[in-house]
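Scroll down for the structure; my scribbles are underneath it.
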Amino acid sequence: MFQKVLIANRGEIALRIHRACQEMGIKTVAVHSTADASAMHVRLADEAVCIGPPASSGSYLNIPAIIAAAEITDADAIHPGYGFLSENARFADIVEEHNLAFIGPTGEHIRIMGDKIAAKETMKRLGVPVVPGSTGGITDDAEAFKVAAEVGYPVIVKAAAGGGGRGMKVANEESELSRALTAARTEARAAFGDDVVYIEKYLATPRHIEVQILGDTHGNVVHMGERDCSLQRRHQKVLEEAPSPAITDKQRAKIGKRCVAAMKQFGYRGAGTVEFLYENGEFYFIEMNTRLQVEHPITEMITGIDLVREQIRVAAGEKLGFSQADIPLRGHAIECRINAEDPMTFAPSPGTVTDYHPPGGLDVRVDSGIYAGYRVPPYYDSLIAKLIVRGDTREDCLMRLRRALDEYVIGGIKTSIPLHQMLVDNPDFGEGEYHIHWLERFLADLNS
Ligand code: ADP
Numbered sequence: 239m240f241q242k243v244l245i246a247n248r249g250e251i252a253l254r255i256h257r258a259c260q261e262m263g264i265k266t267v268a269v270h271s272t273a274d275a276s277a278m279h280v281r282l283a284d285e286a287v288c289i290g291p292p293a294s295s296g297s298y299l300n301i302p303a304i305i306a307a308a309e310i311t312d313a314d315a316i317h318p319g320y321g322f323l324s325e326n327a328r329f330a331d332i333v334e335e336h337n338l339a340f341i342g343p344t345g346e347h348i349r350i351m352g353d354k355i356a357a358k359e360t361m362k363r364l365g366v367p368v369v370p371g372s373t374g375g376i377t378d379d380a381e382a383f384k385v386a387a388e389v390g391y392p393v394i395v396k397a398a399a400g401g402g403g404r405g406m407k408v409a410n411e412e413s414e415l416s417r418a419l420t421a422a423r424t425e426a427r428a429a430f431g432d433d434v435v436y437i438e439k440y441l442a443t444p445r446h447i448e449v450q451i452l453g454d455t456h457g458n459v460v461h462m463g464e465r466d467c468s469l470q471r472r473h474q475k476v477l478e479e480a481p482s483p484a485i486t487d488k489q490r491a492k493i494g495k496r497c498v499a500a501m502k503q504f505g506y507r508g509a510g511t512v513e514f515l516y517e518n519g520e521f522y523f524i525e526m527n528t529r530l531q532v533e534h535p536i537t538e539m540i541t542g543i544d545l546v547r548e549q550i551r552v553a554a555g556e557k558l559g560f561s562q563a564d565i566p567l568r569g570h571a572i573e574c575r576i577n578a579e580d581p582m583t584f585a586p587s588p589g590t591v592t593d594y595h596p597p598g599g600l601d602v603r604v605d606s607g608i609y610a611g612y613r614v615p616p617y618y619d620s621l622i623a624k625l626i627v628r629g630d631t632r633e634d635c636l637m638r639l640r641r642a643l644d645e646y647v648i649g650g651i652k653t654s655i656p657l658h659q660m661l662v663d664n665p666d667f668g669e670g671e672y673h674i675h676w677l678e679r680f681l682a683d684l685n686s
């Protein structure tokens with residue numbers, strides 16, 4: 239097992255990884271920008287190295303500085319968390335070239351799944367159902383019109399290198415396709431430096447359902463059930479729940495089995511998430527995330543399995559300690575993403591947290607690095623905390639979540655807690671009746 243792990247991330251996820259390491263008797267090295275010198279992950283880590291200025295391009299994305307920090311501190315592995323370098327195949331390769339273990343899949347697997355076109359082709363070949371659409375990148379407009387006519391309007395033009403909900407444009411009819419192609423290409427070039435796009439059937443009211451996968455280097459792969467992440471704003475997740483209120487035990491077992499079979503054949507190691515759109519009883523693969531997800535705690539709450547610990551164990555070459563039959567799915571869990579932003583306008587709200595009182599009690603978990611006196615820096619993602627609760631039933635879970643949100647005090651800055659309070663009181667949400675466009679419509683109604 240590793241002696242020392244460098245955590246190449248910040249915020250709540252850096253703290254989350256630090257905690258798993260400590261519980262395994264592993265020392266930690268925090269890296270941080272000058273803006274994060276007093277952050278909790280820096281304070282709690284065994285060692286800390288400043289790797290650059292506030293802008294993440296000079297710090298959390300600075301590969302030479304991170305590798306140097308690992309060498310100076312004699313770390314033997316690097317955990318990338320999510321975001322930043324977590325899905326950068328070149329980083330994974332560089333880490334291993336420096337005789338450090340990368341706590342994640344191989345660079346090759348990250349590369350394949352990072353190209354959404356290659357990912358779809360691979361999954362199709364491995365027997366996983368995909369969204370109908372173009373078989374490769376769309377290079378000329380005539381081809382785009384042909385594919386769109388075949389799959390039928392509306393269609394969505396997506397960036398092959400896409401992520402974070404960017405580089406996606408919908409064309410409701412033929413007259414909108416040229417503009418959608420140009421807009422998606424322009425956005426993709428600006429955001430990812432790559433303007434390859436592809437076309438998919440645009441599903442009207444699907445749910446976003448994703449399957450958690452875990453594999454080791456001995457050929458074992460299991461799934462840990464699904465998460466429903468349909469509550470989204472601008473294709474970004476806001477609240478997630480497990481299990482999905484929309485699928486049956488039989489459907490879960492079937493799609494889980496398909497994912498496991500595909501990942502076994504692929505030879506996948508580590509944690510991964512296979513994302514689907516689900517409509518009228520059918521699953522359609524959209525992409526795979528080759529890393530830990532923000533919403534992983536809801537899976538941990540219902541299975542009792544520490545996903546970060548398992549990531550570390552398999553990266554060290556150990557076998558999964560359990561088989562599919564050993565994975566219980568107990569009760570229901572919901573995660574609220576709490577952002578430093580105005581709950582109505584979504585404008586960022588950085589600044590000093592004056593008061594802080596997180597909720598507690600049975601089956602209530604708060605993953606956050608903030609404290610009273612902490613200054614939320616303006617340079618990074620606005621996620622400052624995740625509130626995760628579990629209940630024996632979905633109804634119990636909602637009652638507990640309502641109570642926990644009422645207890646939560648974060649003073650001095652605006653947060654999305656009031657939005658979550660409105661969501662848990664909404665009858666449609668209470669019934670589990672929602673899809674990927676539901677939240678946008680709910681917000682539009684609120685503002686009208
Ligand atoms: P990203 O990598 O940018 O997150 P995804 O491919 O995972 O992009 O898609 C993000 C979200 O965009 C989905 O959860 C869904 O809400 C919407 N979306 C993507 N593809 C489609 C599609 N074919 N039809 C309808 N909605 C889609």
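Quick note on the working numbering: the sequence shown kicks off at 239 and runs consecutively. Even for Gly, the Cβ is constructed at its ideal location relative to N, Cα and C. Just so it is clear, the structure is predicted and the values come from calculations on it, not from any experiment.
For residue j and residue i, believed in contact at Cβ under 8 angstroms, the rounded distance
i: Pro597; j: Val604; result: 7 angstroms
i: Met361; j: Ala500; result: 6 angstroms
i: Lys502; j: Pro581; result: Rounded, the Cβ-Cβ distance is 43 angstroms, inconsistent with contact.
i: Thr528; j: Glu325; result: 6 angstroms
i: Pro291; j: Pro615; result: The Cβ separation is near 12 angstroms, so there is no contact.
i: Thr516; j: Arg445; result: Looking at the sequence shown, residue 516 is not Thr but Tyr. Yes, they are in contact, since the Cβ atoms of Tyr516 and Arg445 sit about 5 angstroms apart, within 8 angstroms.
i: Ser654; j: Glu579; result: 6 angstroms
i: Ile674; j: Gln470; result: 6 angstroms
i: Pro665; j: His570; result: Not a contact, Cβ separation roughly 18 angstroms.
i: Val243; j: Cys259; result: 5 angstroms
i: Ile305; j: Ile348; result: So it is not a contact: roughly 17 angstroms between Cβ atoms.
i: Tyr612; j: Ser294; result: About 19 angstroms; that fails the 8 angstroms criterion.
i: Thr537; j: Gly463; result: 7 angstroms
i: Leu621; j: Gly249; result: 7 angstroms
i: Thr272; j: Cys288; result: 6 angstroms
i: Ala307; j: Val269; result: 5 angstroms
Among the options, nearest to residue i - alpha-carbon criterion
i: Glu691; options: Ile245, Arg507, Cys497 and Leu469; result: It is not possible to answer for residue 691, since the shown part of the chain is limited to 239 through 686.
i: Pro690; options: Ala330, Lys624, Pro343 and Tyr646; result: For residue 690 there is no data in the structure shown, the boundaries of the chain being 239 and 686.
i: Lys557; options: Ala442, Ala327 and Arg507; result: Arg507
i: Gly321; options: Ala610, Val389 and Val532; result: Val532
i: Glu388; options: Gly629, Asp353 and Ile437; result: Ile437
i: Glu411; options: Lys439, Ala428 and Val546; result: Lys439
i: Phe430; options: Pro318, Leu677, Thr537 and Gly352; result: Gly352
i: Ala283; options: Ala409, Val267, Asp274 and Ala382; result: Val267
i: Asn247; options: Tyr391, Ala428, Lys384 and Leu530; result: Leu530
Cutoff 8 angstroms; reference residue i; Cβ partners in own chain excluding five residues on either side
i: Val435; result: Gly375, Ile376, Val395, Lys396, Ala397, Ala398, Gly405, Leu419, Ala422, Arg423 and Ala426
i: Thr373; result: Glu359
i: Gly650; result: Gly589, Thr590, Val591, Thr592 and Asp593
i: Asp634; result: Gly569 and His570
i: Ile341; result: Val243, Ala315, Ile316, His317, Pro318, Gly508, Gln549, Ile550 and Ala553
i: Phe560; result: Val460 and Ile543
Beta-bridge partners of residue i, as assigned by DSSP
i: Met361; result: Paired residue(s): none; Met361 is not in a bridge.
i: Ala286; result: Ala268
i: Gln474; result: Arg471
i: Phe523; result: Val368 and Phe514
i: Val604; result: Leu625
i: Gly453; result: Val459 and Gly508
i: Gly589; result: Val614
i: Ala409; result: Val393
i: Phe340; result: Ile316
i: Tyr436; result: Lys396
i: Arg465; result: Glu448
Residue i - DSSP class collapsed to helix/strand/coil
i: Gln503; result: helix
i: Ser561; result: coil
i: Glu414; result: helix
i: Met262; result: coil
i: Ala397; result: strand
i: Gly508; result: strand
i: Ala553; result: helix
i: Leu657; result: helix
i: His570; result: strand
i: Ile576; result: strand
i: Ile485; result: coil
i: Leu253; result: helix
i: Leu244; result: strand
i: Ala480; result: strand
i: Ile540; result: helix
i: Arg445; result: strand
i: Glu645; result: helix
i: Ile493; result: helix
i: Ile304; result: helix
i: Ile376; result: strand
Neighbourhood of residue i by C-beta, 6 angstroms cutoff - its chain only, sequence neighbours within 5 removed
i: Pro483; result: Gly670
i: Val235; result: Outside the shown range of the chain (239 to 686) lies residue 235, about which nothing can therefore be said.
i: Val546; result: Ile255 and Ala258
Closer than 6 angstroms: residue i CB and nearest the ligand MN heavy atom
i: His595; result: With respect to small molecules bound, the structure shown includes the ligand ADP and not the ligand MN.
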